[in-house]
Each structure stands twice: as structure tokens, then as C-alpha cells.
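In my numbering, the protein residues as written are 2 to 204.
Structure, rendered in C-alpha cells:
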């Protein structure tokens with residue numbers, strides 16, 4: 002009786018785990034698509050033309066006008082540091098850093114989720130495999146015939162969960178790394194903009 006209950010529990014639990022992994026796979030893809038669209042529309046691409054234009058600026062107001070024309074997340078962070086009463090370069094950098102922190106949090110949206118799925122999906126799949134193997138041995142004890150064939154068939158079916166877990170984790174890790182590259186590049190863009198502004202002596 003207990004063996005039959007174990008077999009039934011393992012059967013349904015393994016199926017639930019597969020459903021969870023499939024849901025996670027859709028969420029991972031949706032998060033990456035949303036982030037990719039954000040990175041392509043809200044963040045700077047090539048920064049060299051902008052830096053060259055700013056180097057030729059003759060005043061603080063001209064720099065502000067150039068940055069307002071671009072209207073990207075990095076330029077907006079620098080703009081917030083430029084506007085208002087800024088007595089010196091140190092105050093400017095401090096103000097930009099203060100605005101950059103919440104901006105960076107927006108850029109890193111879903112990164113924790115993608116990283117968590119990448120780290121844990123294989124273990125979730127492994128749990129499904131363990132439950133599948135548990136069911137196979139429980140079924141073997143309930144059947145008078147079948148022998149090793151029953152176990153091998155159950156194990157091969159159980160390994161599907163591990164494969165699905167890896168299939169979810171690998172893209173999640175790739176997407177996570179892509180997102181981190183974009184965020185790091187954007188932070189470097191902000192630093193480059195601050196360096197150019199410092200070099201033209203606006204303060």
C-alpha cells in the first residue's frame with residue numbers, strides 16, 4: 002500500500018516538476034526578449050560619434066543640448082549630474098554616481114531571475130529524475146513480471162527531467178551573461194561621458 006502511494010506521489014511530483022521547468026523556460030525567453038528590446042531602444046549603441054561631438058562643445062549649455070538630443074539612459078544619467086548648481090567636477094561626478102545607481106537597477110532588471118534559473122534549473126531537473134527513478138523501483142516492487150526492463154524504461158523516462166532542466170538552464174545563463182555585458186558597457190559609457198565633460202573644463 003505504501004509502495005503504491007510512493008509510486009503515485011513520485012509520478013505526479015515528476016510531472017509537476019516538468020511543468021515548472023516548461024513555465025520557467027517561457028519566462029526566461031520572455032525576460033530576455035523584454036531586456037533585449039530595452040537595451041536596443043533605451044541604451045546607447047556606438048558612443049564614439051557622441052564623444053567626438055561633445056569634445057567640440059564650447060559651453061555647458063551646448064553639452065546639455067547634445068545630451069538631450071540623444072535621449073538615452075546613459076545620457077540622461079549624465080544630464081541629471083550637469084543640471085543645477087554644480088560648483089566643481091567632484092560634485093558633478095558625485096551627482097552622476099547618485100543618479101547612476103537607480104538607473105543601473107533598471108538596466109539589471111530580471112538579471113537575478115535569469116541567474117537564479119541558470120543556477121537552479123539543473124537541480125530542479127535532477128529532482129524530477131530522482132522522483133522518476135523512485136517511481137521505477139516502486140513499480141518494480143509492485144509487479145511480479147518485467148524485471149530490469151521496467152526499471153530501465155522508468156529511468157530513461159526519468160532522465161528527461163534532467164535534460165529539460167539543462168535545456169532551461171543553459172539559455173538562462175547565456176541570456177544572463179548577455180545582459181551583464183550590456184549593463185557593463187552602459188556603465189562604461191557613463192564613465193566615458195564624464196571623462197569627456199571633465200576634459201573640456203566646464204566647471
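Glycine is no exception: its CB is placed at the ideal position from the N, C-alpha and C atoms.
Opening and closing residue of the alpha helix (DSSP H) in which residue i lies
i: residue 82; result: 74-83
i: residue 125; result: 112-143
i: residue 53; result: 49-56
i: residue 68; result: 61-71
Proximity winner among the options, relative to residue i (alpha-carbon distances)
i: residue 178; options: 100, 150, 109; result: 109
i: residue 12; options: 138, 196, 168; result: 138
i: residue 8; options: 54, 159, 169; result: 159
i: residue 190; options: 6, 38, 175, 97; result: 97
i: residue 155; options: 166, 131, 164; result: 131
Rounded C-alpha distance that separates residue i from residue j
i: residue 57; j: residue 202; result: 12 Å
i: residue 20; j: residue 62; result: 56 Å
i: residue 143; j: residue 162; result: 24 Å
i: residue 192; j: residue 153; result: 59 Å
i: residue 66; j: residue 78; result: 14 Å
i: residue 127; j: residue 25; result: 15 Å
i: residue 198; j: residue 55; result: 8 Å
i: residue 171; j: residue 119; result: 6 Å
i: residue 82; j: residue 44; result: 18 Å
i: residue 5; j: residue 168; result: 31 Å
i: residue 99; j: residue 111; result: 22 Å
i: residue 166; j: residue 173; result: 11 Å
Reduced DSSP category for residue i - H, G, I as helix; E, B as strand; rest coil
i: residue 87; result: coil
i: residue 30; result: helix
i: residue 106; result: helix
i: residue 192; result: helix
i: residue 200; result: helix
i: residue 46; result: coil
At least three beta-carbon pairs within less than 8 Å, the region 23-34 to the region 48-56: With a cut-off of 8 Å, the region 48-56 and the region 23-34 do not count as touching, because too few Cβ pairs lie within range.
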